[in-house]
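Residue numbers (our numbering): 4 to 240.
Here is the structure we will look at, set down as structure tokens.
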């Protein structure tokens, strides 16, 4: 009887060890957490729009003034900013206050910037409509600039539609773009930053978000749609 009891105990122990080993083997690994269909289907409540939908929303409206931010909106300009940081302040953002950096950035370094495809589509659409196109940037102004020509050339903007770039600069505690939007009677404004969207909303006009590329040097990435604005799909490039 004792032998039978010991044998049964050994079998139970073996079963328990095998079950524990199986459970351990089937537990998710921190390196491979997996997912499920509910997580894959989860989406943020964002008002997504396409360029075609924006164009359709303007059907029947007469030509108007429209505005674009520049950096991360129409140009992927991180190469110039990266060079400026390495040259003047590798360990800080102090280069953004250095006039020498802006002289370079506004006078040639945009030759290294990559035009964004979404900007090509939007600008082409607004040119077809006969809209007047403005570019309003937070870059510091310089005595000379080649940004206007670079944009006109890259996006094939006719002289009749193109306006010189407005360098609104950066002033603490002030959204420098709002007044320009009002002064130029701009009715739509595209931008990647929160300041672009709030400037449009403060001016009482339609602000549309363009996604900032994830490899932009301008961090942190903004929360697109956080102000209830329209966000253009696939606009990170």
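Backbone N, C-alpha and C fix where the C-beta goes; we use that ideal spot for every residue, glycine too.
Using the C-alpha atoms, what's the distance from residue j back to residue i?
i	j	result
residue 155	residue 66	19 angstroms
residue 139	residue 80	15 angstroms
residue 217	residue 225	10 angstroms
residue 113	residue 135	23 angstroms
residue 142	residue 233	25 angstroms
residue 95	residue 88	8 angstroms
residue 165	residue 37	50 angstroms
residue 160	residue 192	17 angstroms
residue 107	residue 63	43 angstroms
residue 28	residue 45	Here the model assigns residue 28 a pLDDT of 46, short of 50, so the residue's position is not dependable, and the following value carries that caveat. Using only the alpha carbons, I get a separation of about 29 angstroms.
residue 60	residue 163	24 angstroms
residue 186	residue 51	29 angstroms
residue 153	residue 43	41 angstroms
residue 227	residue 205	18 angstroms
residue 97	residue 209	33 angstroms
residue 48	residue 229	9 angstroms
residue 39	residue 72	39 angstroms
residue 35	residue 215	29 angstroms
residue 70	residue 33	47 angstroms
residue 132	residue 99	36 angstroms
residue 178	residue 184	11 angstroms
residue 124	residue 117	15 angstroms
residue 231	residue 223	19 angstroms
residue 221	residue 144	19 angstroms
residue 198	residue 176	11 angstroms
residue 25	residue 41	Unreliable positioning characterises residue 25 in this predicted model, as indicated by a pLDDT of 46, which lies under 50. A coordinate reading is not provided.
Can you tell which of the options has its C-alpha closest to the C-alpha of residue i?
i	options	result
residue 240	36, 40, 74 and 42	74
residue 219	169, 196 and 95	196
residue 119	42, 50, 194 and 227	194
residue 102	179, 172 and 180	172
residue 207	182, 221 and 223	182
Where does the unbroken alpha helix (DSSP H) through residue i begin, and where does it stop?
i	result
residue 106	102 to 109
residue 200	197 to 205
Is the Cβ-Cβ distance between residue i and residue j less than 8 angstroms?
i	j	result
residue 121	residue 235	yes
residue 189	residue 158	no
residue 91	residue 104	yes
residue 238	residue 213	yes
residue 54	residue 128	yes
residue 168	residue 151	yes
residue 170	residue 68	no
residue 58	residue 110	no
residue 115	residue 93	no
residue 202	residue 174	no
Looking at the unbroken beta strand (DSSP E) that takes in residue i, where does it start and where does it end?
i	result
residue 193	189 to 194
residue 210	209 to 212
residue 233	233 to 235
When every heavy atom of the ligand ZN is checked, does at least one fall within less than 7 angstroms of the C-beta of residue i?
i	result
residue 133	Ligands are entirely absent from the displayed structure, and the ligand ZN is therefore not among its contents.
Closest Cβ-Cβ distance between residue i and chain B: below 8 angstroms?
i	result
residue 228	Among the protein chains of the structure shown there is no chain B, as only one such chain exists.
ask   = Counting only runs that start and end within the stretch 124 to 183, where is the alpha helix (DSSP H) found for 4 or more residues in a row?
value = Residue ranges of uninterrupted alpha helix (DSSP H) with 4 or more members, entirely inside the stretch 124 to 183 and ordered along the chain, are 150 to 157.
key: Contained beta strand (DSSP E) runs [length at least 3] in the stretch 43 to 107, N- to C-terminal order   = You should have 50 to 52 and 68 to 71.
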